[in-house]
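Asker: Dropping the structure in here first, questions after.
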Amino acid sequence: MSTQVLFGQLLVGLINGSFYALLALGFAIIFGLLGIINIAQGTFYMIGAFGGWMLLNYFGLGYWWGLLLAPLIAGIVGMALEKTLISRMYKLDHIYGLLLTYGLMMFIMGTFIYFFQTAPRPYPVPPELQGGYNLGFMFLPKYRAWVVLVSLTFCLGTWFVIEKTSVGRNLRAATENPMLTRAFGINVPALLTFGFGIGVALAGLGGVLAGPIYSVSPIMGGDLVIVVFAIVVVGGMQSILGAVITGLSLGVLEGLTKVFYAQGANMVIFVIMFIVLMVKPAGLFGQEK
Amino acid sequence: MAELSLSISDLHAFYGDSHVLHGVTLDVPAGEVVTIVGRNGAGKTTTLRSIMGMIEKRTGSITISGQNVIASPPEKIARLGVAYVPEERGIYATLDVTENLMLPRKVNDSGMTLEKIYELFPNLHARRNSQGTRLSGGEQQMLAIGRVLRTGASLFLLDEPTEGLAPVIVQQIGKAIELMKAQGHTILLVEQNFRFAAKITDRHYVMERGRVIDMIPRADVEKRAGQIQQYLGI
Numbered sequence: 001m002s003t004q005v006l007f008g009q010l011l012v013g014l015i016n017g018s019f020y021a022l023l024a025l026g027f028a029i030i031f032g033l034l035g036i037i038n039i040a041q042g043t044f045y046m047i048g049a050f051g052g053w054m055l056l057n058y059f060g061l062g063y064w065w066g067l068l069l070a071p072l073i074a075g076i077v078g079m080a081l082e083k084t085l086i087s088r089m090y091k092l093d094h095i096y097g098l099l100l101t102y103g104l105m106m107f108i109m110g111t112f113i114y115f116f117q118t119a120p121r122p123y124p125v126p127p128e129l130q131g132g133y134n135l136g137f138m139f140l141p142k143y144r145a146w147v148v149l150v151s152l153t154f155c156l157g158t159w160f161v162i163e164k165t166s167v168g169r170n171l172r173a174a175t176e177n178p179m180l181t182r183a184f185g186i187n188v189p190a191l192l193t194f195g196f197g198i199g200v201a202l203a204g205l206g207g208v209l210a211g212p213i214y215s216v217s218p219i220m221g222g223d224l225v226i227v228v229f230a231i232v233v234v235g236g237m238q239s240i241l242g243a244v245i246t247g248l249s250l251g252v253l254e255g256l257t258k259v260f261y262a263q264g265a266n267m268v269i270f271v272i273m274f275i276v277l278m279v280k281p282a283g284l285f286g287q288e289k
Numbered sequence: 290m291a292e293l294s295l296s297i298s299d300l301h302a303f304y305g306d307s308h309v310l311h312g313v314t315l316d317v318p319a320g321e322v323v324t325i326v327g328r329n330g331a332g333k334t335t336t337l338r339s340i341m342g343m344i345e346k347r348t349g350s351i352t353i354s355g356q357n358v359i360a361s362p363p364e365k366i367a368r369l370g371v372a373y374v375p376e377e378r379g380i381y382a383t384l385d386v387t388e389n390l391m392l393p394r395k396v397n398d399s400g401m402t403l404e405k406i407y408e409l410f411p412n413l414h415a416r417r418n419s420q421g422t423r424l425s426g427g428e429q430q431m432l433a434i435g436r437v438l439r440t441g442a443s444l445f446l447l448d449e450p451t452e453g454l455a456p457v458i459v460q461q462i463g464k465a466i467e468l469m470k471a472q473g474h475t476i477l478l479v480e481q482n483f484r485f486a487a488k489i490t491d492r493h494y495v496m497e498r499g500r501v502i503d504m505i506p507r508a509d510v511e512k513r514a515g516q517i518q519q520y521l522g523i
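Right under this line is the structure:
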């Protein structure tokens, strides 16, 4: 096999891994803070992508505006849903949150299919990021490098905010002991709304980034969420760092599997999940209870 | 900031279906130290948690300087200037010592600075970058008390601050509580260590089975010593 093919698949894996990392990170924040298994995470990825597409086609706002506004739109939709529906699930078993977000996913996806059908719609690469670099051993499209860069920056930035700032300190405290944290004068319900908004905005960002690569379609996030769920389980349900590292590395592993054993590419992540659950049920970066 | 007073009347509290407090009535005048004594399960901790708004199902009236807070969420009550030191200490494992100290939201600028708190508890300064739950039991209690000194609160709810601690650490904790008292703050203390509490307490309430059954002012403590021992089952 040629090195072209190998590096090509490595890059595809890294790109997929970047999306996995963004979605898994948001998923882990939401589960840690709210105890909600957000099956609709892929839906917010789709909302982000459609947000970008609509801004371009209805308002003439290009990619850069899309990159800024679409995650914001996804975040605001998410916060409205948290306030009205999801916050009612906190006192119930995790399964209710999962069922509710599953229902939300079906509803939102169905609505988009009704209005836009399932055929993919193109969302162009911005002129500034067209073309690429010839690295000698492979050709690196500028836009793909950009996706990896933005994703890594936001993952690291989110990690930094959570670990090193006072907002992150309050978020960690609210995750660990919500009632006591409220008794220290911190408005935890507002923090939960905010946390859900951040979690789904990360998915929305992934969606806009994905638009030029995969095109935009109402069904684009449906399959992704299953992979993301597996990644979060492998990384450790509440682990921020685990979500990011596992997302990227399993994306790459999936790419490599395509090279060496193409038939296994679709299931390698689930095989890994199976093994990790057998050996370390709390996940690679999770805390055993 | 004016010192806060606390007045509770006919307080009932429930954990799910179980009725835990059956009409608690007590008064904590501004600037006084009031201690609740009683056996395990008498409802002392539940009383403090109800005042803090941490028990959702509660009825009756709890007024803090005239304001009824029976329906207020914990964050609102904390922002009136009420500080809580829980029995289980409530140190966060995901926060280091400094972050634990900085967590409670300030209500005004009259509280101690971080430096002053470290001066009061030098052990904490030495371990300021450690994960909160890596501390010894005594250090965790210092952290739980130090944490509420920064906010400028003036009504303190302390749940068994000396429980399970070595005498030398009890002394240090005692020093901090005396400092609160000297600053004129209002304190509601739950304490099993009667000797420790009697030194600083203005009045004792005795609780049994979710009710207040007696009140013993400071002046009567000596002459009613026998009865107190009976209450506590010593």
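So the sequences go chain by chain: A and B. The first sequence finishes on residue 289 if you use my numbering, and the numbering steps up by one all the way, no holes. The second sequence finishes on residue 523 if you use my numbering, and the numbering steps up by one all the way, no holes. By construction, the Cβ of each residue, glycine as well, lies at the ideal position given by its N, Cα and C atoms. Values in this document were obtained by computation on a predicted structure and should not be read as measured data.
Assign phenylalanine 59 of chain A to one of three DSSP states: helix, strand, or coil.
Answerer: Correct three-state label for phenylalanine 59 of chain A: helix.
Asker: Distance, Cα to Cα, alanine 119 of chain A vs methionine 220 of chain A?
Answerer: Computed Cα separation, rounded: 10 Å.
Asker: So methionine 343 of chain B contacts chain A; which residues on that side make the cut at Cβ distance below 7 Å?
Answerer: Those within 7 Å of methionine 343 of chain B in chain A are Met179 and Ala183.
Asker: With a cut-off of 8 Å, does the C-beta of arginine 121 of chain A fall near any C-beta of chain B?
Answerer: Closer than 8 Å: no.
Asker: Just the chain B side, please: which residues come within less than 7 Å of asparagine 187 of chain A by C-beta, in chain order?
Answerer: Result: Glu364.
Asker: For the region 145-178 of chain A, enumerate the residues whose C-beta is nearer than 9 Å to any C-beta of chain B, in chain order.
Answerer: Residues passing the 9 Å Cβ filter: Ser166, Arg169, Asn170, Arg172, Ala173, Thr175, Glu176 and Asn177.
Asker: Measuring only the C-alpha atoms, how far is glycine 35 of chain A from proline 411 of chain B?
Answerer: Approximately 38 Å between the Cα atoms of the pair.
Asker: Let me confirm a value: valine 252 of chain A is counted as buried when at least 16 other C-beta atoms fall within 10 Å, else exposed. Which label applies?
Answerer: Valine 252 of chain A comes out buried.
Asker: Could you name the residues of the same chain whose beta carbon sits closer than 7 Å to that of glycine 421 of chain B, not counting the 5 residues immediately before and after it, in chain order?
Answerer: The answer, listed in chain order, is Ile380, Tyr381, Ala382, Leu384, Asp385, Val386, Asn389 and Leu432.
Asker: Could you tell me whether the Cβ of alanine 367 of chain B comes closer than 8 Å to any Cβ of chain A?
Answerer: Chain A, which has a Cβ nearer than 8 Å to the Cβ of alanine 367 of chain B, makes this yes.
Asker: Only counting the same chain, and skipping five residues up and downstream in sequence, which positions put a Cβ closer than 7 Å to that of glycine 295 of chain A?
Answerer: With chain A represented from 1 up to 289, any question about residue 295 of chain A goes unanswered, as that position is not in the structure.
Asker: Would arginine 394 of chain B pass as an interface residue toward chain A - the criterion being a Cβ-Cβ separation below 8 Å?
Answerer: Closer than 8 Å to some Cβ of chain A, the Cβ of arginine 394 of chain B qualifies, so yes.
Asker: Compare the C-alpha of valine 374 of chain B against each of B:Lys365, B:Leu447 and B:Phe303 and name the closest.
Answerer: It is B:Leu447.
Asker: Which residues of chain A have a Cβ atom closer than 8 Å to the Cβ of alanine 382 of chain B, listed in chain order?
Answerer: Here the neighbours are Glu176.
Asker: For isoleucine 344 of chain B versus isoleucine 351 of chain B, is the C-beta spacing smaller than 8 Å?
Answerer: Cβ atoms of isoleucine 344 of chain B and isoleucine 351 of chain B: not closer than 8 Å.
Asker: Just the chain A side, please: which residues come within less than 8 Å of glycine 379 of chain B by C-beta, in chain order?
Answerer: Going along chain A in sequence order, the residues near glycine 379 of chain B (Cβ under 8 Å) are Asn177 and Leu180.
Asker: Is there a C-beta anywhere in chain A that falls below 8 Å from the one on proline 375 of chain B?
Answerer: Yes, proline 375 of chain B counts as interfacial toward chain A.
Asker: Would you mind telling me which residues of chain A sit closer than 7 Å to glutamate 388 of chain B, beta carbon to beta carbon, in chain order?
Answerer: Near glutamate 388 of chain B (Cβ distances below 7 Å), the residues of chain A are Arg169.
Asker: In chain A, which residues lie less than 9 Å from methionine 431 of chain B when you measure between Cβ atoms?
Answerer: Chain A residues near methionine 431 of chain B: none, gap ~17 Å exceeds 9 Å.
Asker: With DSSP run on the structure shown, which of helix, strand or coil describes leucine 315 of chain B?
Answerer: Note: leucine 315 of chain B maps to strand in three-state DSSP.
Asker: List, in chain order, every chain A residue whose beta-carbon is nearer than 8 Å to that of methionine 391 of chain B.
Answerer: The contacting residues are Ser166 and Arg169.
Asker: For glycine 426 of chain B, which residues from the same chain have a beta carbon less than 7 Å from its beta carbon, with the 5 sequence-adjacent residues on both sides left out?
Answerer: Around glycine 426 of chain B: Gly453 and Leu454.
Asker: In the DSSP output, which residue or residues are listed as bridge partners for valine 479 of chain B?
Answerer: BP columns for valine 479 of chain B point to B:Ile325 and B:Asp448.
Asker: Do the region 174-192 of chain A and the region 201-219 of chain A meet, that is, are 3 or more Cβ pairs less than 8 Å apart?
Answerer: These segments do not touch.
Asker: The alpha helix (DSSP H) with lysine 258 of chain A in it runs from where to where?
Answerer: First-last of the alpha helix (DSSP H) with lysine 258 of chain A: 240-260.
Asker: Use the C-beta contact count for serine 166 of chain A: other C-beta atoms within 10 angstroms, 16 or more gives buried, fewer gives exposed.
Answerer: Exposed.
Asker: Please name the residue in B:Gly370, B:Ser354 and B:Glu408 whose C-alpha comes closest to that of aspartate 398 of chain B.
Answerer: For the residues B:Gly370, B:Ser354 and B:Glu408, the minimum Cα distance to aspartate 398 of chain B belongs to B:Gly370.
Asker: Look up lysine 280 of chain A in the DSSP assignment and say whether it is helix, strand or coil.
Answerer: Residue state, collapsed to three classes: coil.
Asker: How is the alpha helix (DSSP H) around leucine 300 of chain B delimited, first residue to last?
Answerer: Looking at the DSSP string, leucine 300 of chain B is not in any alpha helix (DSSP H); the run it does join, the beta strand (DSSP E), is 295-304.
Asker: Between the alpha carbons of proline 141 of chain A and leucine 14 of chain A, how many angstroms are there, rounded?
Answerer: In a straight line, the C-alpha of proline 141 of chain A is about 13 Å away from that of leucine 14 of chain A.
Asker: Using only alpha-carbon positions, find the residue among B:Arg347, B:Val322 and B:Lys333 that is nearest to glycine 305 of chain B.
Answerer: Ranking B:Arg347, B:Val322 and B:Lys333 by Cα distance to glycine 305 of chain B puts B:Arg347 first.
Asker: So, under 8 Å CB-CB, serine 217 of chain A and arginine 121 of chain A are touching, yes? Tell me the CB distance rounded to an integer number of Å.
Answerer: That belief holds up - the Cβ atoms of serine 217 of chain A and arginine 121 of chain A are roughly 7 Å apart, short of 8 Å.
Asker: Distance check for glycine 52 of chain A and phenylalanine 107 of chain A, CA to CA, integer angstroms please.
Answerer: For phenylalanine 107 of chain A and glycine 52 of chain A, the distance between alpha carbons rounds to 21 Å.
Asker: By alpha-carbon positions, which one of A:Thr246, A:Gly195, A:Leu25 and A:Val225 ends up nearest to glycine 75 of chain A?
Answerer: Of the listed residues, the one whose Cα sits closest to glycine 75 of chain A is A:Gly195.
Asker: Taking the alpha-carbon positions, what's the aspartate 268 of chain B to methionine 469 of chain B distance?
Answerer: Residue 268 of chain B falls outside the range modelled here, since chain B spans only 290 to 523, and no answer is possible.
Asker: In terms of alpha-carbon separation, which member of B:Val313, B:Arg417 and B:Ile489 lies closest to glycine 473 of chain B?
Answerer: Cα-wise, what sits closest to glycine 473 of chain B is B:Ile489.
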